[in-house]
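> Position in the sequence shown (from 1) plus 295 gives the number in the numbering used here.
C-beta atoms are modelled at their ideal positions from N, C-alpha and C, and glycine is treated no differently.
Structure incoming, see below.
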Amino acid sequence: MKIINDNHIISNIDDIKIVDNFFTEECLQALKYRMLFCKYFDKKYDGYYAIDYFPNQDYLTDLIVNEIQPKFNLPKFNRGWSFVYTENKDGVNVHCDPSIINMNVWVSSDESVLDQNKNGLDIYRLLPPNNWERKDWNNNASKSLQYIREMKISPTKINYKSNRAIFFNGAYFHKTNQVSMKKGYENMRISYTLLFGQNLEKNSNDK
Ligand SMILES: [Fe+2]
């Protein structure tokens, strides 16, 4: 299966790269329907569920990594996941990931979106202080937001678009700009994320 489209539309906002029309239709639909048909999940969060993908564990993820790694000059692939958002809630709270590059792709359809001003990604171009531990930068949204406010950093807001890939420093603070999808099973918001390179902590395989 061919993974990546040839006719990408690439735009850059500072050091954030946005690539539209990213996956081939075949790959996009595979990523979408395998999550819609999922009955088992690795993790359940407030309003969304996750399936994890580690190297050599998921055939489709290995195909994707092998094709995009040389093309976008990405460091070592560490882990990935798909999320399916079952409810219109806040989505993923503000946090940092221990990666040099995150690739986030929206897999659900544009027609499934209810509120066009939501569902995007807010990226704060700010790294956590050196003395913070993982529990702070990955799992303490109120402390993170307080630090962002102190540093007076406003988010770079990336609008939701189906089949839009966003490459950014995963160690930047980032969060979902709330979830608002139409009712119906096939309209659930689905995202696909890959983490490349180690950042913030050594030898971490954690999200
Ligand atoms: Fe993240």
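What is the rounded straight-line gap between the Cα of serine 403 and the Cα of tyrosine 348?
The residue given as residue 403 occupies position 108 in the sequence shown. The residue given as residue 348 occupies position 53 in the sequence shown. Computed Cα separation, rounded: 19 Å.
> If I measure Cβ to Cβ from aspartate 501 and keep anything under 6 Å in the same chain, skipping five residues before and after, which residues do I get?
Position 206 of the sequence shown, counted from the start, is the residue given in the question as residue 501. A caution first: aspartate 501 carries a pLDDT of 49, below 50, which makes its placement in the model unreliable, though a value can still be read off. The answer is none, since no qualifying residue turns up.
> With distance defined between alpha-carbon atoms, name the residue in Lys297, Asn307 and Ala460 nearest to alanine 325.
Translated into the one-based positions of the sequence shown, residue 325 becomes position 30. When only C-alpha atoms are compared, the closest one is Lys297.
> In terms of DSSP beta bridges, what is threonine 471 paired with?
On the sequence shown, position 176 is the one that residue 471 refers to. Partner(s): Leu416.
> Report yes or no: do the segment 397-413 and the segment 483-490 share at least 3 C-beta pairs separated by less than 8 Å?
At 8 Å Cβ cutoff, the stretches touch.
> Among Asp405, Ile363, Phe463 and Asp410, which has the Cα closest to the Cα of asparagine 307?
Translated into the one-based positions of the sequence shown, residue 307 becomes position 12. Of the candidates Asp405, Ile363, Phe463 and Asp410, the one whose C-alpha sits nearest the C-alpha of asparagine 307 is Phe463.
> On a CA-only basis, which of Ser407, Leu358, Tyr442 and Val408 is nearest arginine 420? Give me that one, please.
Here residue 420 refers to the residue found at position 125 when the sequence shown is read from its first residue. Ranking Ser407, Leu358, Tyr442 and Val408 by Cα distance to arginine 420 puts Tyr442 first.
> Count Cβ pairs between the segment 459-473 and the segment 411-420 that sit closer than 8 Å; are there 3 or more?
With the cut-off at 8 Å, the segment 459-473 and the segment 411-420 touch.
> Measuring only the C-alpha atoms, how far is lysine 327 from glutamine 364?
For the purposes of this step, residue 327 is taken as the residue at position 32 of the sequence shown. For the purposes of this step, residue 364 is taken as the residue at position 69 of the sequence shown. When rounded, the distance between both Cα atoms is 22 Å.
> What number of angstroms, rounded off, separates the C-alpha of glutamine 352 from the C-alpha of isoleucine 346?
Counting from 1 along the sequence shown, the entry for residue 352 is found at position 57. Counting from 1 along the sequence shown, the entry for residue 346 is found at position 51. Taking the straight line joining both Cα atoms gives about 12 Å.
> Under the criterion of a Cβ to heavy atom distance below 7 Å, does histidine 303 qualify as lining ligand 1?
Reading the sequence shown from its first residue, position 8 is the one you call residue 303. No; taking the cut-off as 7 Å, the Cβ of histidine 303 has no heavy atom of ligand 1 nearer than that.
> Alpha carbon to alpha carbon, what distance is there between valine 314 and isoleucine 305?
Position 10 of the sequence shown holds residue 305. Position 19 of the sequence shown holds residue 314. So the two alpha carbons sit approximately 5 Å from each other.
> Using a 10 Å radius around the Cβ and a threshold of 16 neighbouring Cβ atoms, would you call isoleucine 444 buried or exposed?
As a position in the sequence shown, residue 444 is number 149, starting the count at 1. At residue 444 the sequence reads arginine, which differs from the isoleucine that was named. It counts as exposed.
> Using C-beta distances below 6 Å, list every residue in its chain close to methionine 330, excluding the 5 sequence neighbours before and after it, in chain order.
Locating residue 330 in the sequence shown gives position 35, counting from the first residue. Ser377, Val379 and Ile485.
> How about aspartate 337 and leucine 490: do their beta carbons lie closer than 8 Å?
In the sequence shown, residue 337 corresponds to position 42, counting from 1. In the sequence shown, residue 490 corresponds to position 195, counting from 1. No, the Cβ-Cβ distance between aspartate 337 and leucine 490 is not below 8 Å.
> Please name the residue or residues paired with arginine 374 in a DSSP beta bridge.
Within the sequence shown, the letter at position 79 stands for residue 374. Its beta-bridge partners are Leu490.
> Do you know offhand how far arginine 429's Cα is from glycine 375's?
In the sequence shown, the residue the question calls residue 429 occupies position 134. In the sequence shown, the residue the question calls residue 375 occupies position 80. Rounded to whole angstroms, arginine 429 to glycine 375 spans 18 Å at the Cα level.
> Look at the alpha carbon of leucine 323 and the alpha carbon of alanine 436, and state the distance between them as a whole number of angstroms.
In the sequence shown, residue 323 corresponds to position 28, counting from 1. In the sequence shown, residue 436 corresponds to position 141, counting from 1. C-alpha separation (whole angstroms): 31 Å.
> Is asparagine 397 near ligand 1, going by C-beta to nearest heavy atom under 7 Å?
If you number the sequence shown from 1, residue 397 lands on position 102. Flag set: Cβ of asparagine 397 near ligand 1.
> With DSSP collapsed to three states, give me the class of tryptophan 427.
The residue labelled residue 427 in the question sits at position 132 within the sequence shown. Tryptophan 427 falls in the coil class under three-state DSSP.
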